[in-house]
Amino acid sequence: MSGQVSYETEVKAGAAKVWEVYGTTKMALLAKEALPDTIIGLDILEGQGAVGTIIKITLAGGFSYKEKFTKVDHENRVKETEAIEGGFLNMGLSLYRLRLEVIGKDKESCMIKSTIEYEIANGASFDVSLVSVKLFADIAEVVKKQLTILAGAN
């Protein structure tokens, strides 16, 4: 069985400015700083934000996993990561993919879309209600707030 969940939010900043955060490891570092009660550990194990970058993320409660950047498309402003170890993979998923898209609307606004795609391993029992975009919605709201503050300062 497979499925997906998504979250979208509008940001009052140009897509290029938002992509400067989302298209790199800045997003993860900003999220850890802004959500210290949720993201308690974040280690960049390999790479600097390009395809092949591997990050270890530890969430409150000890939920930990490693993800690998599998797509970083600067032209279309799309980044995909896949869990490669731990987390939901240990709980019965065979695929946990996050797609982040920055979709330009006009010069001064864009949409951030976060989509999680998942597949349950053959024969595994997995509670799909555990798959949530809440963390990525929270991160999008942090980025939105940060960029709104910066835009107001200019």
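The UniProt record's numbering numbers the first residue of the sequence shown as 1 and each following residue consecutively. By construction, the Cβ of each residue, glycine as well, lies at the ideal position given by its N, Cα and C atoms. If you're wondering where the values come from, they're calculated on a predicted model, not measured in any experiment.
What is the C-beta distance between residue i and residue j, in whole angstroms, given that I count them as a contact (C-beta under 8 angstroms)?
| i | j | result |
| --- | --- | --- |
| E46 | E67 | Contact doesn't hold; Cβ gap of about 11 angstroms is too wide. |
| L35 | I55 | About 15 angstroms separates the two Cβ atoms, so there is no contact after all. |
| A15 | R99 | The Cβ separation is near 16 angstroms, so there is no contact. |
Near residue i, which residues of its chain fall below 7 angstroms by C-beta distance, leaving aside the five closest residues on each side in sequence?
| i | result |
| --- | --- |
| T70 | V51, E80, T81, E82 |
| A124 | G92 |
Any beta carbon of chain C sitting closer than 8 angstroms to that of residue i?
| i | result |
| --- | --- |
| M27 | No chain C appears in the structure shown, which is made up of a single protein chain. |
Would you kindly check if the distance between the Cβ of residue j and the Cβ of residue i is under 8 angstroms?
| i | j | result |
| --- | --- | --- |
| residue 166 | V102 | Nothing about residue 166 can be reported from this structure: the residues present for the chain run from 1 to 154 only. |
| I116 | V18 | no |
| F136 | S114 | yes |
| Y65 | E33 | no |
| A60 | T38 | yes |
| T53 | T25 | yes |
Could you tell me the boundaries of the beta strand (DSSP E) in which residue i lies?
| i | result |
| --- | --- |
| K68 | 64 to 73 |
| L130 | Counting along the chain, L130 falls outside any beta strand (DSSP E), and DSSP gives it neither H nor E. |
| V78 | 78 to 86 |
| D37 | No beta strand (DSSP E) contains D37, which DSSP labels as neither H nor E. |
| T58 | 54 to 59 |
Quick check on the DSSP output: the alpha helix (DSSP H) that includes residue i runs from which residue to which?
| i | result |
| --- | --- |
| K17 | 15 to 22 |
| E33 | 26 to 34 |
Can you give me the Cβ contacts of residue i inside the same chain, cut-off strictly under 8 angstroms, excluding the 5 residues immediately before and after it?
| i | result |
| --- | --- |
| I120 | M1, S2, G92, L93, S94, F126, V128 |
| H74 | W19, G23 |
| Y118 | S2, G3, Q4, F88, L93, L95, Y96, R97, V128, V131 |
| N122 | S94 |
| E141 | T9 |
| K107 | G14 |
Who are the near neighbours of residue i in its chain, counting only those whose CB is closer than 6 angstroms to its CB and skipping five residues on each side?
| i | result |
| --- | --- |
| M111 | E8, E10, I103 |
| K134 | none |
| V21 | M27, V143 |
| G49 | T24, T25 |
Could you have a look at residue i and say whether DSSP puts it in helix, strand or coil?
| i | result |
| --- | --- |
| Q4 | strand |
| E108 | coil |
| V102 | strand |
| V51 | coil |
| K12 | coil |
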